[in-house]
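Chains as they are written, first to last, in UniProt numbering: chain L, 1 to 366; chain S, 1 to 579. Below is one structure; the comments refer to it alone.
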């Protein structure tokens, strides 16, 4: 990712320009409104709103990861929240170990739920998770390894289309069931929660949340640039060729499965990072994050925003989630109707999503 | 002796042993003769018993007087002391009134109450803090207006009285004209045998003519003989118990076989019988697991088979399939609300009703959404998923988000007890049969009708079928309707197994997809085999892995299986399948 790539991007791609500009503005304005503007003012942004925005941006990163494989390579994953949740669990384990003696049972090593289950020592996979670098390594490694194993099997045996979609769904469903079990050692039904601090910063404090928001903005921007770099590269061209005609790409001589595999693993890593940023802001990770319906919702964000554009996916994630927050509070009955109608409406009427609609309008004007 | 029993049953008021024995003069002598021939042991006890039995027969010559007697006896329970109650209970038995057992059972269960006017009632089920209790008249059994709880006093019992009551009730049951009641009574008595119950069994054995009841009584007597101090009696009892599968026999023989002391021959006989039971237990446990697996498999087949058709013919993933099942289940619920007094009929009628409701909904989905998305399977998947959310919320708005339960009609509830170790629940058995019928009908439709021919043609090669004059659009709509209608029927079946709620479909959708993908798309036999084998496999894994782990194993197995055979167990043949 050299300078010329970014400057070229800024010159030629108005969508990227707008997207990165919006992120920059958010990074400047949100802390200002939250920390500098006094609490009584009408312009003051409460901390919960900062957290909410941070959550949307985590979802946006996840949506970009899904768009990368779906929009550019035609792999419709209905199980991407599995990677998201794995990253989240790795972060959650670190935060859990940071609680130390401040837990309900005050055990210096064991998290509360293990004391409650009468466990005497840490399971092997919890060792080292009290060290931040190890935990961050796991945030990347856990989703990457799962994606590699799954992708290696699936792409090599040429499982494609709806079959692949369904087994990704089976994957996340199996993980959902597994993480519900207390014996797995991840807190079972309740998951991991009651976090105290991250790298010494108090998670109850508003300023920590602003900091996390800024890190999320940065991660989203970097993730976006990385994805843009990949799709603009030669690698990206091959990926698009695979999407449009897999057999032809193979006959020309490209090793289709390894192209798919690396793109898939990269996408899983991005999802894992999104999950890791999500957990300290929300304050809990539980097996519900693995639910297949969540993964399908992610696909809808991408479809609403416009697949194969990256920034469209991020836009869709923020818009749909804002609508969800608003509707589930104001008109809880209506939310599922709205989401369902969104699915049908977007696929029937807006196959290119909002971004596609805007492009159409612009080309009509000119 | 068979005709004797029949006569006794036909005789009015023939429910007591007295009338049974004394009803017709010459037959009584036959019975006595038979008794002497049959019962060679413990003659004095038997003789005593017959004598006791004769008394009510003599006095009960006027059956019309019996109810009045019975009413006085029941009323006299109110003020009697415990010892008197014991005595009165005995007289109630002798009164020969058909309600004697019900009243005594109520007394034993603490459900017999009296109000201020000494009127005796049997109280029905009510919450603990209810101010009014539902009651029925103890003597006549007629329902009565609810009575305020503070006006009623329970007719108390103590330990001694309860023991006596149990014996009397057992005696009444042992002499019930219904062989099934007698058999259950003996089985209950096997659980705790003592001298009085053994005596009652011995008494009954003499004039029992039902082979099954007789066999059970013999088991009871042999169990009693095991306690004997005489080694020969013990040995012959242990030997005669070989081949029995009853749990109570096992529980009595097991300590005998394990005991260090005692006669080695008795021990050997006991352990032989125990090993026999253990062997059969394993066999029947295996059969039981197989049956559970098949019934789970039938549910899977029912839920997947409609999907197999739509997916196979149109290559369309219908994520709303689960919700179409849910609609079927709610149809069964609504039918039951419409005719609450005819459970069986409403269930039978809800099968075609659910087919129509879900089928029409399926056609609407196909015409309204799916047909615009042909050739874009991933978009179809998303759009139908959206529809599934809408349908769920629709049901939530109409019927409330709470789960509803659909009552099971009589012929489907209960168990079919094949022997002491093996029982099949009727509802699961019916589901297995039902799944096979649906499968057979569907197979007939696809293989023997013109619609089926067209459906198969389109699924093999759409373009060629169109060229031959098949209206593929019409076939698509009909196929979608057919698959959806079958989902509705599956929903009716599910309503008999679980509660009906808005999330019913969601919990089956992944499983159904797995079945279709495992079996091979567009192949009904594949769906049948894959559904059944997945069902059996999950149930086989469950005992040692637990239900959740079993499910995870099956999912992981399927993920790996698809790598090996991306087109399922039975891939569809034909050029179009390669596309």
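Glycine included, every Cβ here is placed at the ideal spot set by N, Cα and C.
- Listed in chain order, the positions of the region 154-170 of chain L with a beta carbon within less than 7 Å of a beta carbon of chain S are 154, 157, 158, 159, 161, 162, 163, 165, 166, 167, 169, 170.
- Residue 174 (chain S) has its alpha-carbon roughly 23 Å from the corresponding atom of residue 414 (chain S).
- Between the region 183-203 of chain L and the region 97-107 of chain L there are three or more inter-stretch CB-CB distances shorter than 8 Å, so the stretches are counted as touching.
- Per DSSP, the unbroken alpha helix (DSSP H) holding residue 329 (chain S) starts and ends at 321-338.
- Taking the C-beta atoms as reference points, residue 168 (chain L) is found nearer than 8 Å to residue 79 (chain L).
- Within the region 171-186 of chain L, those residues whose Cβ lies closer than 8 Å to any Cβ of chain S are, in chain order, 171, 173, 174, 177, 178, 180, 181.
- In this structure, L:91 is the residue among L:91, L:181, L:22 with its C-alpha nearest to the C-alpha of residue 284 (chain L).
- About 18 Å separates the Cβ atoms of residue 521 (chain S) and residue 322 (chain S), ruling out a contact at the 8 Å cut-off.
- Taking C-beta atoms as the reference points, residue 513 (chain S) and residue 366 (chain S) fail to come closer than 8 Å.
- Around the C-beta of residue 209 (chain L), 16 or more other C-beta atoms lie within 10 Å, and the residue is accordingly described as buried.
- At a cut-off of 8 Å between beta-carbon atoms, residue 372 (chain S) makes contact with chain L.
- Rounded to the nearest whole angstrom, the CA to CA distance from residue 477 (chain S) to residue 562 (chain S) is 30 Å.
- Residue 201 (chain L) sits in a strand when the DSSP states are folded into three classes.
- Boundaries of the alpha helix (DSSP H) around residue 393 (chain S): 377-399.
- Note on geometry: alpha-carbon atoms of residue 290 (chain L) and residue 179 (chain L) lie some 9 Å from one another.
- Just measuring C-alpha positions, the residue of S:180, S:150, S:236, S:556 sitting nearest residue 211 (chain S) is S:180.
- Contact residues of the region 227-260 of chain L toward chain S are absent (C-beta to C-beta distance below 9 Å).
- For residue 170 (chain L), the closest C-alpha among the options S:515, S:197, S:411 is that of S:515.
- Sequence-ordered contacts of the region 99-112 of chain L with chain S are nonexistent [C-beta pairs closer than 9 Å].
- For residue 209 (chain L), the enclosing alpha helix (DSSP H) starts and ends at 206-232.
- Between residue 540 (chain S) and residue 289 (chain S), the C-beta gap is smaller than 8 Å, which places the two residues in contact.
- Neighbourhood of residue 51 (chain L) in chain S, by CB distance below 9 Å: empty, with the nearest CB roughly 27 Å away.
- DSSP assignment within the region 153-199 of chain S yields the following whole alpha helix (DSSP H) runs of 4 residues or more, N-terminal first: 159-174, 179-191.
- The region 44-60 of chain L and the region 250-261 of chain L do not touch, with fewer than 3 CB-CB distances between them shorter than 8 Å.
- Excluding the 5 residues flanking it on each side, residue 361 (chain L) has no same chain C-beta neighbour closer than 6 Å.
- Taking a C-beta cut-off of 7 Å against chain S, the contacting residues of the region 301-329 of chain L are 303, listed in chain order.
- Around the beta carbon of residue 287 (chain L), 16 or more other beta carbons lie within 10 angstroms, which makes this residue buried.
- Among the bridge pairs identified by DSSP, residue 143 (chain S) is matched with S:136.
- Unbroken alpha helix (DSSP H) stretches of 4 residues or longer found wholly inside the region 11-78 of chain L: 14-31, 47-73, given in chain order.
- Interface with chain L (8 Å Cβ-Cβ cutoff): residue 146 (chain S) is excluded.
- Listed in chain order, the non-local C-beta contacts of residue 152 (chain L) below 7 Å within the same chain comprise 261, local neighbours out to five positions each way being set aside.
- When DSSP states are grouped into helix, strand and coil, residue 202 (chain S) belongs to the helix group.
- In this chain, the beta strand (DSSP E) harbouring residue 415 (chain S) covers 415-417.
- Look at the beta carbons and you see the region 346-358 of chain S touching the region 486-493 of chain S: at least three pairs across the two are nearer than 8 Å.
- Sequence-ordered contacts of the region 396-422 of chain S with chain L read 396, 397 [C-beta pairs closer than 9 Å].
- Residue environment: residue 278 (chain L) is assigned as buried (16 or more neighbouring CB atoms within 10 Å of its CB, all protein chains considered).
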